[in-house]
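Below is one structure, written out as structure tokens, with a few remarks after it.
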Amino acid sequence: MSKSSPSQNYIKSYPTDQNAIDIFKSEWSSKFPESFGIESGAVADLFDDQRIIWAEEKDISFKDKSILELGPLEAGHTWMMDQRGAREILAIEAHERAYLKCLVVKEIGKISSARFLHGNFDEYLTTNKQKFDICLASGVLYHSPDPTSLLEQICNCCGTIILWTHYFDKAEILKHGPELLERFKEPYSISYKELNVTHYPFSYKEEASKDAFCGGLASNSIWLEKSDIELVLETNGFSISAYGFDHPHHPNGPAIALIASKPK
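Each residue of the sequence shown is one higher than the one before, counting from 4 in the numbering used here.
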């Protein structure tokens, strides 16, 4: 990409989609579909994510649905849901450069059903009155400073939840990634609607100061045990209909996907 001098803010070459991608050169995580005709240099199949395909196989239809997406990152899941006929997608991204990447992808991928907002989705959820058919919360719960409240807010705004998250399991972490335990502080219990939910504080350490960091908004987050995630959902009237991608040996900590719905 040939840029002009002295400001370096202009480009002199023929206008292409690749030029837009190269604004964030070496920053992308996602591999783009061949139909885009562009290269990111990344390998993650977030535009062909098996978790979205799995949700469809578990009788989740995105067609004509209103969807709230928390943390779209690079709009891969957004694009997949738009391709499947979503009526409306509201995607909220707090990371500045991730948000701008979403706008680039919206243009290149012709994502017509989505609106991207830049900001903290916790702040949105505390005042939101809109009811969505589906909330997609992939890769955000374990980055939350208060995941118990976040789960409650998600339950209040939709009829179906598609969740993928890491969870705390000391035995599995000791077995598959004991060095991860060093990043957890002393756990503590909170009282939530007559439940005792255990919070496990997790430190990002120096990662949070790096520009490429796409985790939480604070230097620490809270992880939950899988059983507590289930209890909070059930306490808010949701029934879990499917589990998938249960990877207790995941290198970044045990992880799972689930689908939960509120009976009509």
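The beta-carbon is built from N, C-alpha and C at its ideal position, and this holds for glycine as well.
Are the beta-carbon atoms of Cys-138 and Phe-119 separated by less than 7 Å?
no
State the CB to CB distance for the pair Tyr-246 and Ile-259, rounded to an integer number of angstroms; the pair is presumed to be in contact (CB under 8 Å).
About 6 Å separates the beta carbons of Tyr-246 and Ile-259, which is inside the 8 Å limit, making them a contact pair.
Given Leu-96 as reference, the closest of Gly-112, Glu-72, Trp-82 and Ile-114 once Cα atoms are compared
It is Glu, not Leu, that sits at residue 96 in the sequence shown. Nearest C-alpha to Glu-96: Glu-72.
Along the chain, which unbroken stretches of the beta strand (DSSP E) at least 3 residues long are found entirely within the stretch 52-79?
69-73
Alpha carbon to alpha carbon, what distance is there between Tyr-207 and Glu-197?
Their Cα atoms are separated by approximately 31 Å.
Could you check which residue in Glu-60, Ala-94, Glu-77 and Leu-76 has the C-alpha nearest to that of Ile-70?
Ranking Glu-60, Ala-94, Glu-77 and Leu-76 by Cα distance to Ile-70 puts Ala-94 first.
Of the residues Thr-168, Glu-189 and Leu-234, which one's Cα is nearest the Cα of Phe-248?
Thr-168
Taking only three categories from DSSP, how would you classify Phe-124?
helix
Where the beta strand (DSSP E) through Pro-204 begins and ends
Residues 198-206.
Distance CB(Ile-92)-CB(Ser-64) smaller than 7 Å:
Contact annotation: Ile-92 and Ser-64 have beta-carbon atoms that are not nearer than 7 Å.
Looking only at C-alpha atoms, which of Gly-240, Leu-49, Tyr-145 and Ile-14 sits nearest to Pro-75?
Residue nearest to Pro-75 within the set Gly-240, Leu-49, Tyr-145 and Ile-14 is Leu-49 (criterion: CA-CA distance).
In chain order, what residues of the same chain lie with their CB nearer than 7 Å to the CB of Phe-187, ignoring the 5 residues before and after it?
Tyr-203, Pro-204 and Phe-205
Opposite Asn-223 in the DSSP bridges: which residues?
When DSSP reads this structure, Asn-223 sits in a beta bridge with Ser-206.
Just to confirm before moving on: does the CB-CB distance between Gln-156 and Leu-128 stay below 7 Å?
yes
Checking 7 Å against the spacing of the C-beta atoms, do Ala-78 and Val-46 come in under that value?
no
What is the DSSP secondary structure of Arg-87, reduced to helix, strand or coil?
coil
Is Leu-154 helix, strand or coil by DSSP?
helix
Chain-order list of residues whose beta-carbon lies under 7 Å from that of Thr-201 (same chain, five-residue window excluded):
Pro-190, Ser-192, Glu-228 and Asp-231
Same chain only: Cβ atoms within 8 Å of Pro-266, ignoring 5 sequence neighbours per side
Gly-240 and Ser-242
Using the beta-carbon count (16 or more within 10 Å), is Asp-62 buried or exposed?
exposed
Specify, as a first and last residue, the run of the beta strand (DSSP E) that Leu-139 falls within.
Residues 135-141.
If you draw a straight line from the alpha carbon of Asn-159 to that of Lys-134, how long is it in whole angstroms?
Each residue's alpha carbon lies about 8 Å from the other.
Given Ile-26, which residues of its chain have a CB within under 6 Å of its CB, disregarding the five upstream and five downstream residues?
none
Three-state class that DSSP yields for Ser-212 in the structure shown:
Annotation note: pLDDT 49 at Ser-212 (below 50); position unreliable, no value reported.
Once DSSP output is grouped into helix, strand and coil, what is the label at Phe-39?
helix
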